[in-house]
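Data block below; observations after.
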Amino acid sequence: SQAMQEDLNSVWGVQADVLYDKPSSAFQPTDIEERHALFQHLLEEYPELAGGERDEPCGPCKSNLFTQTEPNSDVAMLRPDRPALIVSSTSWTEDEDFSVLLEALKEYSARKEQGDSGLPDLFCVITGKGPQKEHYMSLIRADPLTHVKFLTPWLSAQDYPKLLGCADLGVCLHTSSSKLDLPMKVVDMFGCGVPVCAIDYPCLRELVKPGQTGLVFETSSELCQQICELLQGFPKSSQQLESLRSNVHKWRLVCWHDNWRAVALSKFRDH
Numbered sequence: 001s002q003a004m005q006e007d008l009n010s011v012w013g014v015q016a017d018v019l020y021d022k023p024s025s026a027f028q029p030t031d032i033e034e035r036h037a038l039f040q041h042l043l044e045e046y047p048e049l050a051g052g053e054r055d056e057p058c059g060p061c062k063s064n065l066f067t068q069t070e071p072n073s074d075v076a077m078l079r080p081d082r083p084a085l086i087v088s089s090t091s092w093t094e095d096e097d098f099s100v101l102l103e104a105l106k107e108y109s110a111r112k113e114q115g116d117s118g119l120p121d122l123f124c125v126i127t128g129k130g131p132q133k134e135h136y137m138s139l140i141r142a143d144p145l146t147h148v149k150f151l152t153p154w155l156s157a158q159d160y161p162k163l164l165g166c167a168d169l170g171v172c173l174h175t176s177s178s179k180l181d182l183p184m185k186v187v188d189m190f191g192c193g194v195p196v197c198a199i200d201y202p203c204l205r206e207l208v209k210p211g212q213t214g215l216v217f218e219t220s221s222e223l224c225q226q227i228c229e230l231l232q233g234f235p236k237s238s239q240q241l242e243s244l245r246s247n248v249h250k251w252r253l254v255c256w257h258d259n260w261r262a263v264a265l266s267k268f269r270d271h
């Protein structure tokens with residue numbers, strides 16, 4: 001980050017150039033056929049993903065919460081009644097305060113309960129392991145939300161980027177202890193074409209450009225408001241979300257290799 005560059009210079013007298021991280025090639029948008037295969041696979045272990053067999057006029061179709069096959073065929077399609085998929089990766093530690101997301105989703109569910117019909121139901125997938133996970137899961141079980149469901153899977157290295165590529169919106173709770181580093185989980189989400197709402201801290205905006213590739217927040221109420229604004233009218237019409245997604249796709253056009261050649265290669269040649 002530029003913040004780290006400045007710190008190295010002021011504290012240690014080190015002259016450095018900034019080379020921003022880019023995602024590995026594993027992090028790509030997930031197409032509909034891959035989504036259907038992934039959700040059907042995960043359904044074997046996580047029944048929360050069940051959407052039921054839907055009887056269509058032309059015959060039955062295999063279905064989960066997010067995708068289904070067309071009647072009497074294996075062609076996959078997105079379900080028009082699907083919830084919005086929010087993904088967050090956390091270490092379940094005090095460095096990443098999950099209560100901010102939980103309180104935001106409680107407020108979101110209450111808004112929909114009060115009659116905001118333009119808001120979709122949410123399905124929130126939180127990956128990662130850590131010491132506070134069971135504490136928060138017990139809170140969720142004790143007070144289930146009407147319009148928000150949670151899943152905390154442990155995913156393989158192959159399935160994790162595929163799931164990210166299925167998300168409609170990412171949430172990042174990382175607050176850098178040094179205030180100098182940028183969250184790699186956001187880089188991975190961008191690689192999958194997913195806009196991100198991220199908790200703000202100094203230097204974060206070097207990566208997340210508010211109103212372009214995502215939004216930044218400081219409180220749970222701000223996060224709730226952002227989720228409401230982005231998902232209003234989902235899945236038929238969510239123009240602000242699609243605008244962010246379009247900008248994220250432009251960001252990901254420059255891969256790690258091309259970025260390294262453009263920024264770093266000449267520095268090695270000079271030496």
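full-length UniProt numbering applies: residue 1 is where the sequence shown begins, and numbers increase by one.
Note that the Cβ used here is the ideal one computed from N, Cα and C, for glycine as well.
Computed from a predicted structure; not experimentally measured.
8 Å Cβ shell around residue i - same chain, five flanking residues per side excluded
i: T146; result: S109, K112 and E113
i: L180; result: S1, A3, M4, D7 and C203
i: A16; result: M4, Q5, L8 and N9
Backbone secondary structure at residue i - three-state DSSP
i: L164; result: helix
i: K149; result: strand
i: L43; result: helix
i: G128; result: coil
i: G59; result: For G59, the pLDDT reaches just 46, beneath the cut-off of 50, and the residue's location in the model is therefore unreliable, leaving the point undetermined.
i: V254; result: coil
i: S25; result: coil
i: G191; result: helix
i: V171; result: strand
i: S246; result: helix
i: N9; result: helix
i: S266; result: helix
i: Q68; result: strand
i: residue 311; result: Residue 311 falls outside the range modelled here, since the chain spans only 1 to 271, and no answer is possible.
i: A110; result: helix
i: F234; result: coil
i: C228; result: helix
Cβ-Cβ separation, residue j to residue i (assumed contact under 8 Å), whole Å
i: A170; j: V254; result: As written in the sequence, residue 170 is Gly, which differs from the Ala given in the question. 19 Å between Cβ atoms; not a contact.
i: L223; j: V100; result: 7 Å
i: S91; j: G130; result: 5 Å
Contact set for residue i: own chain, Cβ-Cβ below 6 Å, skip 5 residues either direction
i: D168; result: A84 and L85
i: W256; result: K22
i: F234; result: A84 and P120
Between the CA atoms of residue j and residue i - distance to the nearest angstrom
i: S220; j: C124; result: 15 Å
i: I126; j: R141; result: 15 Å
i: K162; j: Q40; result: 13 Å
i: L244; j: G211; result: 7 Å
i: N259; j: S266; result: 12 Å
i: K106; j: P144; result: 9 Å
i: E96; j: W251; result: 26 Å
i: M77; j: C172; result: 28 Å
i: E134; j: T93; result: 11 Å
i: A198; j: L164; result: 15 Å
i: K149; j: F98; result: 15 Å
i: V187; j: L155; result: 18 Å
i: M137; j: R82; result: 24 Å
i: L241; j: V75; result: 27 Å
i: S25; j: G115; result: 42 Å
Under 8 Å between C-beta atoms of residue i and residue j
i: T213; j: V248; result: yes
i: E229; j: D200; result: no
i: L151; j: Y20; result: no
i: G191; j: F27; result: yes
i: A37; j: I227; result: no
i: L139; j: L102; result: yes
Cβ-based neighbour list, residue i, same chain, cut-off 7 Å, excluding 5 preceding and 5 following
i: Q232; result: G118, L119 and S238
i: L49; result: F39, L42, L43, N64 and L65
i: E34; result: K162
i: V14; result: L8
i: K185; result: S89, C172 and H174
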